[in-house]
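Enquirer: Numbering (our numbering) for the sequence shown: 6 to 96. Sharing a structure below in structure tokens format, with a few things to ask.
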Amino acid sequence: MTRTIIEIAQIRAIDLECRECHYRGAWQIGDWRQPPARCSNCLKIWIPNPNDELHKNLELLVGALRAFDALNKAKGILFVLRFELDGRDKE
Ligand SMILES: [Zn+2]
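This is how it looks when you write it as structure tokens:
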């Protein structure tokens, strides 16, 4: 199986799909302010409370992606962090 490696700088957006209506939206990492509280299509609430653990974890994820992208570009850091993708088709 071929290994597919991506750089953090290649990650442009977080793609969220509503489990209810399957609407999909992409939220750009660079423009990320806060996660969407509800589906833009069916208006189902995705994150009931801004203090919810899901909200916090999305903020941590975006923050970590930004931080590691900056680290990868920094001089003096002796490694580059990348991700390996599973090449199998999703179900
Ligand atoms: Zn929806």
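Glycine included, every Cβ here is placed at the ideal spot set by N, Cα and C. Bear in mind that the values here come from a model prediction, so they are computed numbers and not experimental data.
For L48, verify whether its CB is less than 8 angstroms away from any heavy atom of ligand 3.
Expert: Here the bound small molecules are ligand 1; ligand 3 is not part of this structure.
Enquirer: Just checking E25 against ligand 1 - is the residue's beta carbon closer than 8 angstroms to any of the ligand's heavy atoms?
Expert: Yes.
Enquirer: Am I right that I13 and N77 are in contact with their C-beta atoms under 8 angstroms? What's the rounded C-beta distance?
Expert: Contact flag correct, Cβ pair sits at about 6 angstroms.
Enquirer: Taking its Cβ as the centre, do 16 or more other Cβ atoms sit within 10 Å of P53, making it buried, or is it exposed?
Expert: P53 is exposed by the Cβ-count criterion.
Enquirer: Could you tell me which residues DSSP puts in a beta bridge with F88?
Expert: For F88, which the question treats as bridged, DSSP gives the partners I11.
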